[in-house]
Structures are given as structure tokens and as C-alpha cells.
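Taking it in order: structure first as C-alpha cells, then the write-up.
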Amino acid sequence: MDGVQIRVRGQVQGVGFRPFIWQLAHARGLCGHVLNDPEGVLVRVAGEIGDLAAAIRAGAPPLARVDAVEVSAYTFDAPPEGFEITASRGAGAETRVTPDAATCPACLEEIRGHGRRRGYAFTNCTHCGPRFTILKGLPYDRARTTMAPFAMCPDCGAEYRNPADRRFHAQPIACPNCGPRLWYEEGGGEVAGDAIALAVARLKAGGIVAVKGLGGFHLACDATNAGAVAALRARKHRPGKPFALMAREADLAAIVEVSDAAVAALRDAAAPVVLMPARGTLPEVVAPGIDSLGVMLPYTPLHHLLLDAFGGVLVMTSGNLSGEPQVIGNAEAREKLAAFADGFLMHDREIARRLDDSVVRADPPMVLRRARGHVPGTLQLPPGFADAPPVVAYGGQMKAAICLIKNGQALLGHHLGELDEALTWEAFQQADADYAVLFDHHPAVVATDLHPDFRATRHGQARAAAEGLRLVAVQHHHAHLAACLGENLWPREGGPVAGIVLDGLGLGPDGTVWGGEILLGDYAGVERRVWLEPAPLIGGDRAQIEPWRNALVRLDAAGLSDWADALFPDAPRDLARQAAAKGINAPLSSSAGRLFDAVAACLGICPMRQSYEGEAAMRLEVLARRAGRAGAPKPRFGAPAPRGGALAPPALLRELRAAQLGGADPGALALAFHHWVAEAFATPARALVEAGGARAVALSGGVFQNALLHELTCAALAGLPVLTHRRVPANDGGLALGQALVAAAQSESP
């Protein structure tokens with residue numbers, strides 16, 4: 009019997025796609041079947057097809073992402089009777105895996121209602137709930153998830169088998185009779201009683217509770233209780249880094265300035281942490297020296313029940329030892345978090361892989377940390393990469409992430425962290441094996457950073473050698489530029505762009521450490537046109553932690569050694585100067601990040617030591633933004649013209665010193681510095697476009713996470729096509745995507 013076959017590709021498994029097709033087919037009186045297989049969803053139908061393919065695209069379930077709907081002829085061996093959902097077929101994977109999704113309104117109504125799932129912390133359906141964090145293999149079926157140990161009760165089984173039910177084939181389906189169990193522990197043992205009520209009582213008493221979430225444990229405390237927050241800081245040895253918060257939507261207006269863009273980001277199925285302007289109503293200890301707060305809405309039934317019962321705002325920070333990845337196992341939590349937590353809110357559903365919370369900014373829109381809810385969603389490759397060979401790229405040393413390229417898609421993995429930490433390195437290796445299995449990926453090319461001492465680089469080199477794969481070493485800032493181009497779907501043959509790349513550190517081909525330049529080129533290659541005048545990084549890696557070192561060398565170069573001596577009287581200045589003069593553990597660097605540190609130290613914001621990465625620059629941005637809002641007259645520093653390609657900061661520092669001696673407010677000076685950086689790089693980039701050497705300007709690198717600098721640079725480039733990051737981190741979390749694209753562009757197709 010003649011019929012039609014419809015192949016649906018994309019994020020179409022584990023999202024209720026088969027029951028959606030079943031309902032469409034029944035409404036049209038069609039016969040046939042639908043199934044999951046390694047390529048996505050396969051539909052075979054007989055009857056009056058009509059607009060079925062268009063209806064599939066138009067009405068796909070909320071969590072689905074349809075890349076292609078391909079229609080072809082099909083002949084049935086025998087006329088089908090009715091329309092069925094049949095079992096998944098085949099091993100391997102050519103399809104995207106669905107990210108974890110925040111609790112949907114229907115499930116939220118259930119846990120607050122009067123049915124059998126009232127108050128049940130593991131309620132979910134095909135439109136929400138755990139996905140990637142419970143997945144062990146493909147195709148996505150219950151037997152291949154951490155829900156396999158929980159046998160469905162008759163009621164759940166009936167829902168699971170009913171195509172008309174929103175829980176049809178919802179693999180994590182559960183209820184109090186058959187699903188995971190929640191309990192509360194204190195003092196080394198389980199405490200009898202309502203687990204949520206017991207946890208809330210401890211929180212209201214000023215205690216700290218370890219809460220097992222989707223991708224790992226959090227440490228929670230009352231965000232309005234300064235003593236509780238201070239205790240958490242002391243126990244975690246985290247003196248200054250801002251804490252993330254969890255709040256109900258109704259409670260947001262009391263703590264942050266709410267915008268439509270921020271609310272939309274909060275309500276997204278990814279349920280990320282969203283940076284929002286603080287109202288100043290919470291204790292300063294929540295985010296010392298920072299005028300924004302990272303807030304997320306409750307995204308699991310457990311979180312909703314906890315927040316409803318608590319009735320306020322909670323600190324909800326990652327449960328981990330300093331520098332280590334987030335804890336995911338119950339035994340691991342008892343061992344590692346006992347020194348931090350007064351109690352544990354536990355459950356017995358295993359977490360298959362740890363995923364930190366994603367972090368985004370709504371204005372300008374930008375993903376700062378790509379993790380839970382975003383991963384493992386894929387990104388479309390730009391035109392010209394359809395036939396690219398399969399590539400695995402291993403990223404950098406910090407904010408490590410892995411990227412796979414295959415079949416016109418880029419699979420950018422989750423944030424892993426700093427690879428010097430042993431457990432993070434172990435997680436990196438596990439992720440490498442994990443993604444290869446989940447996505448049935450067999451690379452022809454391995455891409456790494458140019459730096460030979462990065463652990464990710466050595467790992468990639470070893471794999472390429474062992475498997476006989478082509479190895480492509482990609483310069484750090486070329487990878488940043490390519491990541492921005494790729495996210496914006498800049499065609500492979502789209503022509504050169506001027507890339508303003510500002511970050512901390514990246515090895516250049518000349519052996520110096522880059523970090524502030526304009527690159528001209530595309531995926532296949534770049535040339536360095538403009539750069540910050542290099543300065544020694546005294547003490548090597550210590551210069552990233554101690555801003556005074558960067559200020560000292562910049563002030564000495566500007567003829568302001570007396571100011572440096574006055575600013576840092578207790579620092580070992582003579583030894584530092586000798587090291588810089590002799591080049592002893594003092595590599596030259598054009599890092600824009602270190603220039604921000606230097607100016608912050610000059611203004612007394614964070615002079616001697618940072619307690620977390622980016623602290624000095626973040627405080628400098630806050631100071632500048634406040635000055636901008638005040639509206640008072642501000643000094644402006646003249647942006648230099650490049651000499652021999654170099655932008656020299658000495659004149660900037662001399663102007664800054666003169667303005668300070670003239671009584672200028674530190675905030676005004678911080679704002680003037682931001683203007684200087686924006687104009688110093690935007691002016692030559694604009695010249696490249698206007699002269700026809702470049703077709704657009706791209707902004708990349710971690711320094712562009714600074715919203716003020718981003719805004720000022722875009723303003724200075726007004727009237728030109730400007731490419732920016734939105735879905736891919738501008739920082740090293742997006743590096744692997746750029747590496748993969750560069751490697752693909754430089755490689756022959758198979």
C-alpha cells in the first residue's frame with residue numbers, strides 16, 4: 009500500500025513528539041505508525057496526508073526544536089490498521105538530546121492541587137522535568153535513565169501508555185506510590201517528619217541546608233539573614249564572590265529591578281540564573297561591592313515546594329569544595345558538605361551527570377555560563393560548513409567546555425571549570441567519553457588551543473596521536489573570533505571581519521601573551537592589526553590574582569613610579585621591578601583584562617588581591633555605571649592612535665592621575681576609562697570596515713561580559729554591522745566552538 013514517510017530531525021525525543029504526531033494522525037483519520045530512532049522521529053502514514061508536514065512544523069511541542077521535516081514516498085507491506093506509536097529502534101544517536109526543563113504550569117498546578125501528586129517533589133511530564141541529567145544512553149527510554157530502578161505503579165503506567173495523556177512516554181514519570189523519595193537528614197541520620205517542613209525550619213533558624221537538585225547539590229540559606237550568609241561565606245571560604253539567589257516571581261520586585269527581558273529569561277524552560285540590577289534591600293554580604301544580583305526562579309517541584317513553604321528569598325549556591333566541581337551523590341554530599349551544611353534535603357534519584365546552573369544577562373542578552381537547561385542543545389553551523397568533517401574541540405584551561413561538530417550542527421558542551429583542579433579534570437575526561445557515546449561521534453579532526461601546557465591541549469594531542477587523527481592547534485583569540493562568527497551564522501565565504509577580542513590571557517604565535525587586539529580575517533585565518541602595548545606579567549599567574557602587579561608596571565611605563573610607590577607601600581616593589589626588567593617569570597602581555605585590573609588598583613578598588621576571578625574589573629564597572637547614572641560632568645581621556653599597531657596606555661594613566669589630583673570622583677575616572685577602551689579599539693576597527701578591508705566588526709572575549717563596555721563599544725561602532733555573543737559565552741566557555749570551526753575551515757572535507 010502506498011503511503012508517505014516523514015523524517016523529523018532536531019530536538020524531538022523526550023519532548024512528547026510521538027504523542028503529538030499520534031494526535032495529528034488520529035484527527036486526520038490517518039493510518040500508520042511513529043517511532044524514535046537514531047536520526048530523530050520517523051513517521052509512516054497512509055491516507056489523505058494534506059498539510060501534515062506543515063502541521064508538524066507549526067504545532068511542535070514546547071520543548072521541541074525542529075531542524076528538518078523531510079517527506080518521501082513509502083510502500084507498506086500490508087495496509088496498516090489504525091495509527092500506532094511503536095518502540096524505539098536502533099542504537100547510537102544522530103539527534104539532539106533534550107536539555108532539562110523547568111516545571112511546566114500543569115505540573116505546578118498538580119503539586120499545589122488536591123490530586124495524588126499534591127506536594128510530590130518529582131512530578132513531571134513530557135513538557136518539563138529532568139532529561140540530560142538522568143540520561144545514561146540513547147535512544148531516550150526509561151531503561152536508559154536513572155529512573156530505571158523505579159517501577160511504575162498501575163496509575164503511572166496507565167498515563168504512560170495513553171497517547172492522549174501529556175505523560176505518554178514521559179520517561180521520568182513518577183508519583184508518591186512508585187517514584188523517588190524525599191527525606192531530611194541532620195546529625196548524621198534521617199529525621200522523621202515532613203522533609204520540606206524540617207528543611208524550612210532549619211533555614212528560618214539561620215541554618216544552612218544542602219539541597220539535592222537536578223544537576224547537583226546547592227547550599228541554601230536565608231538571603232535576608234546577614235548572619236546566615238556570612239556563616240556560609242566563612243564555612244565555604246568564599247569572602248567576596250556574589251551568591252546566586254532563588255526567589256518566586258512574586259518576590260522579585262522587592263530585591264531587583266524587574267524588566268520584561270529579564271522576566272522572559274527567567275521564565276525560559278532553561279530556568280537560568282539571570283543577572284538583574286539590585287535594589288539594595290538584601291544584606292551587602294550577599295554580593296559585596298556589586299550592584300546586580302544573580303536570581304533564578306524555582307525550576308523543579310522540589311524547589312517550588314521549598315520556596316512556597318519558606319516564603320522568601322534563598323541563597324542557592326553550588327554545593328562544592330572551593331575549586332572542585334559540584335557534588336552530585338548522596339554519600340559524596342555527606343562527606344564533602346558536612347562542614348558547610350546544618351542539614352541535608354536528600355532524594356534517591358541518581359544524577360547521571362553534574363550540571364551547574366546556567367547564567368545569563370538579559371540586557372544586552374548574553375549567555376555567560378552555558379550549563380543546565382542549555383546543554384546539550386545544538387547550534388546550527390553557518391553556511392559553507394554543511395560538509396565539514398566531524399571535529400572534536402577541547403577548549404581552554406579555564407571555563408573548560410568541549411565542542412563536537414557533526415552533520416551541520418555544533419554540540420557545545422557544558423561548563424566544566426578550571427582544569428588544574430583534579431576532580432574537574434576527571435569530569436572533563438568523563439564528559440569527553442560521555443558526549444562521544446551519547447552522540448555517536450567519531451572525529452576526523454581534533455582541535456586544541458595553541459598553548460602547549462594546557463591540559464586540554466595535551467589531551468587532544470594524545471588522542472590525535474593515538475587514533476591517527478588530524479590535529480589543528482588554534483590560536484586562542486582566533487578561536488574567540490570564530491565563535492562569535494559562528495554564533496552569528498557568518499558564512500564560511502562571508503569575507504573578512506575586524507574582530508575586537510578582549511580577554512585575560514591567550515598565547516600568541518609570537519610567544520607573547522595576547523589579550524587585547526583587533527584581528528582581521530575569518531575562520532580560515534587572521535592577522536593581528538592592532539594590540540595593546542604589552543607589559544610584563546610580574547609573577548606570571550600571580551598577576552591575575554594581584555592587581556597591584558599590573559598597576560605597577562603600567563605606572564612605571566607612564567613615568568608615574570612615585571604614584572605606584574604611594575599606592576602600594578607594603579608590596580615587594582623592588583623585587584617586582586627587578587623581575588620585570590630582567591624578564592624573570594614576567595612574560596609580556598597585551599591583556600585587556602590585566603589593564604582593567606591595573607586601573608582598578610590605581611583607583612583603590614581592589615589594589616592588592618582578588619578573592620575571585622574578575623573581582624577588580626567587576627567593581628570597576630559598578631563604579632563607572634553609578635557615575636554614569638549620576639549624570640555629573642565627566643572627564644574624557646583621549647583615545648590613542650595605534651603606533652606600529654600598538655595602543656599605548658601611558659598617556660591614559662597620566663591623564664587619569666592628573667584628573668585625580670584635580671579632584672575628579674573615582675567613579676568618573678572609572679567611566680572615562682571605559683570610554684577610552686571602547687574608543688581605542690572601535691576607532692581602528694571602524695577604519696578597517698570603512699576602508700573596505702572588513703565587512704563587519706565582531707566583539708568577543710571575556711572582557712565583553714562587561715555590559716557597560718559592550719554598550720559603549722557598540723555605540724562607538726554605530727552604523728556598522730556588529731556581531732556579538734548571545735547564546736555562546738564570550739568568555740572561554742565558547743572557545744571550543746571557535747576552535748572547531750577554525751579546524752573545520754582549515755580541513756578538507758572527507
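Its first residue numbered 9, the sequence shown is counted upward by one per residue in this note's numbering.
Note that beta-carbon positions come from the ideal geometry of N, C-alpha and C, so glycine has one too.
Look at Trp498 here: in three-state DSSP terms it is coil, with no helix or strand label. By the Cβ criterion, the stretch 635-655 is not in contact with the stretch 575-594, since fewer than three pairs of Cβ atoms, one from each stretch, lie closer than 8 angstroms.
Distance from the CA of Leu146 to the CA of Leu489, rounded to the nearest whole angstrom, comes to 34 angstroms. Cβ contact annotation for Val281 (same chain, cutoff 6 angstroms, sequence separation greater than five): Ala252, Gly302, Met304, Asp365 and Val367, in chain order. Around the beta-carbon of Gly67, fewer than 16 other beta-carbon atoms lie within 10 Å, marking it exposed.
Leu190 places its beta carbon less than 8 angstroms from that of Ala203.
Only residues of its own chain outside the window of five on either side were considered, and among them Ser267, Ala269, Ala270 and Ala715 have a CB closer than 8 angstroms to the CB of Asp371, listed in chain order. A distance below 7 angstroms between beta-carbons, with the five flanking residues on each side excluded, links Cys722 to the following residues of its chain, in chain order: Val730. Looking at the backbone, the Cα of Leu389 and that of Asp85 are separated by about 39 angstroms.
Looking at Val607, Arg562 and Met616, the one whose alpha-carbon comes closest to that of Phe576 is Met616.
Annotation: Trp571 to Ala565 spans about 12 angstroms, alpha carbon to alpha carbon. Here Ala588 is actually not in contact with Arg562; their C-beta atoms are around 11 angstroms apart, not less than 8 angstroms.
Between the alpha carbons of Gln469 and Gln437 lies a gap of roughly 14 angstroms. A residue is called buried once 16 or more other Cβ atoms fall within 10 Å of its Cβ, and Pro247, having fewer, is exposed. Secondary structure of Val607 (DSSP, three-state): helix. Put simply, of Ala473, Val445 and Phe447 the residue whose alpha carbon is nearest the alpha carbon of Ala455 is Ala473.
A distance of 8 angstroms or more separates the beta carbons of Val12 and Ile29. Just measuring C-alpha positions, the residue of Met354, Gly746, Leu603 and His34 sitting nearest Val482 is Gly746. According to the DSSP secondary-structure assignment, Ala706 is paired through a beta bridge with Gly507 and Leu731.
Per DSSP, the beta-bridge partners of Leu479 are Val454. Per the Cβ contact rule, the stretch 227-243 is not in contact with the stretch 332-341 (fewer than 3 Cβ pairs under 8 angstroms). Annotation for Glu193: no alpha helix (DSSP H) segment contains it, though the beta strand (DSSP E) segment containing it runs Leu190 to Glu194. The beta carbon of Ala680 lies closer than 7 angstroms to those of Lys642, Pro643, Arg644 and Phe645 in the same chain, with the five residues before and after it left out.
In the structure shown, Leu329 adopts coil according to DSSP, grouped into three states.
Membership of Ile204 in the alpha helix (DSSP H) is indicated by the continuous run Ala203 to Lys212. Taken atom to atom, the span from the alpha-carbon of Met155 to that of Leu345 is near 25 angstroms. Per DSSP, the continuous alpha helix (DSSP H) segment holding Lys344 begins and ends at Asn338 to Lys344. In the DSSP annotation of this structure, Met626 is not part of any beta strand (DSSP E); the continuous alpha helix (DSSP H) holding it starts and ends at Glu623 to Ala638. At a Cβ-Cβ threshold of 8 angstroms, Leu60 and Arg36 count as neighbours. Counting along the chain, Ala753 sits inside the alpha helix (DSSP H) bounded by residues Leu743 to Ala753. As the crow flies, the alpha-carbon of Ala532 is around 39 angstroms from that of Gly224. With a cut-off of 8 angstroms on Cβ pairs, the stretch 604-613 is not in contact with the stretch 495-502, counting fewer than three such pairs. When only Cα atoms are considered, Arg463 and Leu427 end up about 7 angstroms apart.
A Cβ-Cβ contact shorter than 8 angstroms links Pro27 with Pro171.
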